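Heads up: the sequence lines are chains A and B, in that order.
Mapping the first sequence onto full-length UniProt numbering, position 6 (from 1) lands on 6, and the numbers just tick up by one.
Mapping the second sequence onto full-length UniProt numbering, position 182 (from 1) lands on 182, and the numbers just tick up by one.
Just below is one structure, and these are the notes that go with it.
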Amino acid sequence: MSVNVVLVAVVGTLFAVGVYLLLERSLTRVVLGLLLISNGVNVLFLIASGGAGQPPIVGSSAPERMSDPLPQALVLTAIVITLGVTAFLLAMAYRSWQLHEHDEVQDDVEDALIRRRAERDEASSSYDDSAGGTLDERGADPAGESTQDSRDGDGAPIGPEGETP
Amino acid sequence: MNASALVPLPVILPLLGAGLAFAFGRSARAQRVVSVVVLSVIVAVAAVLLTRADAHGPQVMHLGGWHAPIGIALVADRVSALMLLVSAVVALCVLVYSLGQGVTEYGPDTPLSVFHPTFLVLIAGVSNAFLSGDLFNIYVGFEVLLAASYVLLTLGGTSGRIRAGTIYVIVSLVSSVIFLTAIALIYAATGTVNLAHLSVRLEDVPDGIRLALQLMLMTGFAVKAAVFPLWAWLPDSYPTAPAPVTAVFAGLLTKVGIYAIIRTQTLLFPGSEISGLLMWAALLTMLIGVLGAVAQTDVKRMLSFTLVSHIGYMVFGVALSGDDGLSAAMFYVVHHITIQTTLFLVVGLIERRGGSTALDRLGGLARSSPVLAVLFFVPAMNLAGIPPFPGFLGKVALMQAGVENASPMAYVLIAGAVTTSLLTLYAMAKAWNRAFWQPRPAEADGWHRDAEDGAADSTGAAGAAGPATDLHRGPVSVAEPEAAEPSRPLQLAMTGPAAALVLVGITLSVVAGPLFDLTDRAAVDLRERAPYVEAVLPQGGGP
């Protein structure tokens with residue numbers, strides 16, 4: 001099978017740029033990164049189908065000279081799936097902006113808790129049960145604050161804790 | 001009679017049902033009828049398929065009349081039919097439970113009409129992934145179920161769910177991209193995506209390339225199955241969703257990943273070179289997962305960690321790659337689907353009754369709600385592997401398979417499995433002690449949500465308000481603490497399905513003999529490969 005070097009280089013570039021964007025905190029850039037990687041995979045399918053040929057319609061040309069139709073069908077399916085998922089991700093980024101006025105991918109609840117405790121130089125919550133180590137959505141320790149529902153989910157908006165210290 | 005005409009039904013029916021449920025968006029009752037009827041029919045179809053596949057070999061449906069390898073084949077052999085049956089039963093129970101839970105959990109402004117259609121689409125995706133005889137169709141099945149799971153996880157779009165959902169969606173998408181890349185490379189190497197055809201053609205591929213393809217596929221599936229080191233997304237994202245959603249995710253989604261690992265490992269890459277790697281992954285998944293569970297103070301998060309941990313047992317069975325190991329792994333999958341779903345449903349009940357899932361806010365539930373105590377205790381002991389229950393049988397079978405494998409690594413894994421089992425018991429005992437046996441902590445007194453439906457009619461609610469709460473409130477009459485109770489009474493529509501699943505879990509112990517015979521036969525099929533390949537490609541692999 002002959003391989004088009006230009007296409008291979010395109011795939012490599014798309015993957016590299018996509019991975020770089022994927023490592024960003026902003027959800028919009030993550031979406032762009034995923035789009036680029038998906039396009040990279042689509043081009044990869046074109047490489048897998050071999051060289052270009054005649055349209056794959058029965059009777060129009062000899063089967064050996066036709067291009068392979070299956071990868072094109074697969075790419076079409078993949079494009080549709082990517083479209084739907086991208087729409088969902090953008091909606092989620094918009095919702096995140098509505099709620100928090102940013103679209104940063106936020107830390108794991110437990111990561112945030114550990115970081116706060118490290119800053120205050122405290123022991124872990126499971127070290128002493130009486131300290132009350134419940135997690136709320138902010139990763140804060142509600143025992144030190146006024147008691148509130150830790151799991152109400154739609155309580156006070158989460159502050160911009162996404163930045164790394 | 002040939003039952004192959006039934007094979008597409010578990011995929012088509014939920015999709016049609018989802019359309020109908022959307023059309024009936026304004027009538028909650030019509031939606032409920034559609035969902036329950038569709039899932040009940042799927043349970044029946046799956047049962048028929050399992051008996052047929054067991055008696056007459058794999059049932060194959062070539063979609064559109066195009067025979068494999070050109071067209072897409074749906075195949076119900078013993079493994080996939082068994083998975084399908086268990087998933088359908090679990091999904092039906094979860095659906096009934098979510099009906100009983102009603103709208104209260106989602107809040108007044110949530111478009112609840114989305115729940116039923118999305119749930120059905122999720123089941124369609126799961127069925128498609130189980131039945132598909134085509135690698136790309138498995139990818140489509142994954143995407144269908146993942147797209148539905150994105151919607152279910154972020155239901156209502158609240159702050160916490162958006163935060164958890166973002167991570168979940170991104171991680172799932174990355175795993176899908178890896179899977180799709182692997183498919184493209186496999187197509188480039190072999191020129192086919194039909195599983196049976198691949199099993200013939202991959203033998204001609206050079207060893208190095210085959211190993212690379214295998215590792216890529218495995219990476220994609222390992223993210224979905226939450227195998228170490230690719231598990232960290234799970235305990236963070238699952239607990240924020242509503243209880244029935246978490247339950248169905250915990251039961252089905254990770255097991256689809258495990259099924260894909262079993263299928264591709266046995267059919268495409270027999271005599272695997274990476275079983276040593278899988279053993280390490282299994283060991284670390286078990287230990288790190290359960291250590292995370294021990295450290296948690298929230299029941300939902302604790303269960304999410306035990307879910308990760310017990311995935312390790314199944315990977316252990318697959319890594320042993322003998323008949324016994326595969327058979328035990330399949331038994332364990334069946335057990336784990338039911339048990340993990342049951343526990344999450346019961347935690348939903350605890351949340352409703354006790355008003356929280358945080359262990360330091362719960363207490364006294366054994367006295368205030370003995371039924372709930374039994375519903376939690378039995379599956380918790382089952383998960384930890386206490387003898388009469390199937391959790392014990394599955395673990396013993398895995399360890400026997402490990403002893404027969406007799407490699408040093410297998411013994412290390414057996415030790416790890418025993419440790420994990422003990423630590424699971426510790427975590428479950430901790431949850432039991434604090435939520436059910438200890439008196440309700442004083443801190444919970446100042447915290448309550450509006451209980452407009454009034455807990456006054458809940459039986460024995462006074463038991464929950466132990467002496468500790470009285471310190472803050474001063475002298476109280478018998479009626480007063482009940483008015484301040486954050487809990488709501490349990491409904492039969494919620495306890496019923498949970499109790500049914502607990503019973504299913506115990507019944508697995510009763511039918512363990514026939515079930516092990518079935519998984520033994522399924523494991524032999526998987527290892528021989530010929531029954532599957534001949535059923536899909538009766539005229540041979542072709543050129």
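Beta carbons are placed, not taken as given, at the ideal position from N, Cα and C, and that holds for glycine.
Predicted, not measured: the structure shown is a model, and the values here were computed from it.
Backbone secondary structure at residue i - three-state DSSP
i: residue 446 of chain B; result: Low confidence applies to residue 446 of chain B: its pLDDT is 42, below 50, so where it sits in the model is not reliable enough to give any reading.
i: residue 86 of chain B; result: helix
i: residue 358 of chain B; result: strand
i: residue 466 of chain B; result: Residue confidence is low: residue 466 of chain B scores 37 on pLDDT, short of 50, so the model does not pin down where it sits. No coordinate-derived value is stated.
i: residue 207 of chain B; result: helix
i: residue 539 of chain B; result: coil
i: residue 104 of chain B; result: A caution first: residue 104 of chain B carries a pLDDT of 42, below 50, which makes its placement in the model too unreliable to give a value.
i: residue 525 of chain B; result: helix
i: residue 471 of chain B; result: Bear in mind that a pLDDT of 36 at residue 471 of chain B, under 50, signals an unreliable position, so the number given afterwards is only what the model happens to contain. Helix at residue 471 of chain B.
i: residue 13 of chain B; result: helix
i: residue 7 of chain B; result: coil
i: residue 104 of chain A; result: strand
i: residue 59 of chain B; result: strand
i: residue 265 of chain B; result: helix
i: residue 605 of chain B; result: Nothing about residue 605 of chain B can be reported from this structure: the residues present for chain B run from 1 to 543 only.
i: residue 340 of chain B; result: helix
i: residue 478 of chain B; result: Residue confidence for residue 478 of chain B is low, a pLDDT of 32 falling below 50, so the modelled location carries little weight; the figure read from the coordinates is stated next. Reduced to three states, the DSSP call for residue 478 of chain B is coil.
Where the beta strand (DSSP E) containing residue i begins and where it ends
i: residue 68 of chain B; result: Neither: residue 68 of chain B is in no beta strand (DSSP E) and is coded neither H nor E.
i: residue 75 of chain B; result: 73-76
Proximity to residue i [Cα-Cα], best of the options
i: residue 321 of chain B; options: B/406, B/306 and B/387; result: B/406
i: residue 528 of chain B; options: B/408, B/270 and B/226; result: B/270
i: residue 3 of chain B; options: B/13, B/47, B/24 and B/37; result: B/47
i: residue 11 of chain A; options: A/98, A/55, A/79 and A/37; result: A/37
i: residue 138 of chain B; options: B/312, B/193, B/81 and B/222; result: B/193
i: residue 216 of chain B; options: B/182, B/225 and B/210; result: B/182
i: residue 176 of chain B; options: B/223, B/255 and B/210; result: B/223
i: residue 318 of chain B; options: B/348, B/252, B/391 and B/399; result: B/399
i: residue 54 of chain B; options: B/140, B/518 and B/538; result: B/518
i: residue 8 of chain B; options: B/331, B/416, B/277 and B/62; result: B/62
i: residue 203 of chain B; options: B/272, B/251 and B/248; result: B/272
i: residue 582 of chain B; options: B/300, B/256 and B/184; result: No information on residue 582 of chain B is available, as it lies outside the stretch 1 to 543 that chain B covers here.
i: residue 505 of chain B; options: B/535, B/40, B/93 and B/206; result: B/93
i: residue 369 of chain B; options: B/356, B/350, B/381 and B/532; result: B/350
i: residue 90 of chain A; options: B/166, B/158 and B/96; result: B/166
i: residue 412 of chain B; options: B/316, B/91 and B/237; result: B/316
i: residue 59 of chain B; options: B/82, B/70 and B/37; result: B/82
i: residue 423 of chain B; options: B/537, B/159, B/286 and B/524; result: B/286
i: residue 429 of chain B; options: B/509, B/241 and B/294; result: B/294
i: residue 255 of chain B; options: B/333, B/97, B/365 and B/391; result: B/333
Where the alpha helix (DSSP H) through residue i begins and ends
i: residue 70 of chain A; result: 69-100
i: residue 280 of chain B; result: 275-295
i: residue 37 of chain B; result: 28-56
i: residue 233 of chain B; result: 233-237
i: residue 243 of chain B; result: 243-248
i: residue 42 of chain A; result: 27-48
i: residue 508 of chain B; result: 492-510
i: residue 119 of chain A; result: 109-120
i: residue 421 of chain B; result: 408-432
i: residue 10 of chain A; result: 5-22
Integer-rounded CB distance, given that residue j should sit under 8 Å from residue i
i: residue 420 of chain B; j: residue 309 of chain B; result: 6 Å
i: residue 435 of chain B; j: residue 501 of chain B; result: With a Cβ gap of about 19 Å, residue 435 of chain B and residue 501 of chain B do not count as contacting.
i: residue 220 of chain B; j: residue 179 of chain B; result: 3 Å
i: residue 329 of chain B; j: residue 262 of chain B; result: 7 Å
i: residue 35 of chain A; j: residue 82 of chain A; result: 7 Å
i: residue 363 of chain B; j: residue 265 of chain B; result: Wrong, their Cβ atoms sit about 46 Å apart, outside the cutoff.
Hey, which unbroken runs of the alpha helix (DSSP H) at 4 residues or more fall wholly within the region 344-403 of chain B? Taking 4 residues as the shortest admissible run, the region 344-403 of chain B contains the following complete alpha helix (DSSP H) segments, listed from N- to C-terminal end: 365-368 and 370-384.
Counting only runs of 4+ residues fully inside the region 106-142 of chain B, write out the alpha helix (DSSP H) ranges in chain order. Fully enclosed alpha helix (DSSP H) runs of 4 or longer: 115-131.
Ignoring anything shorter than 4 residues, give me the alpha helix (DSSP H) runs that lie fully in the region 165-233 of chain B, in order along the chain. Complete alpha helix (DSSP H) runs here, min 4: 195-201 and 207-225.
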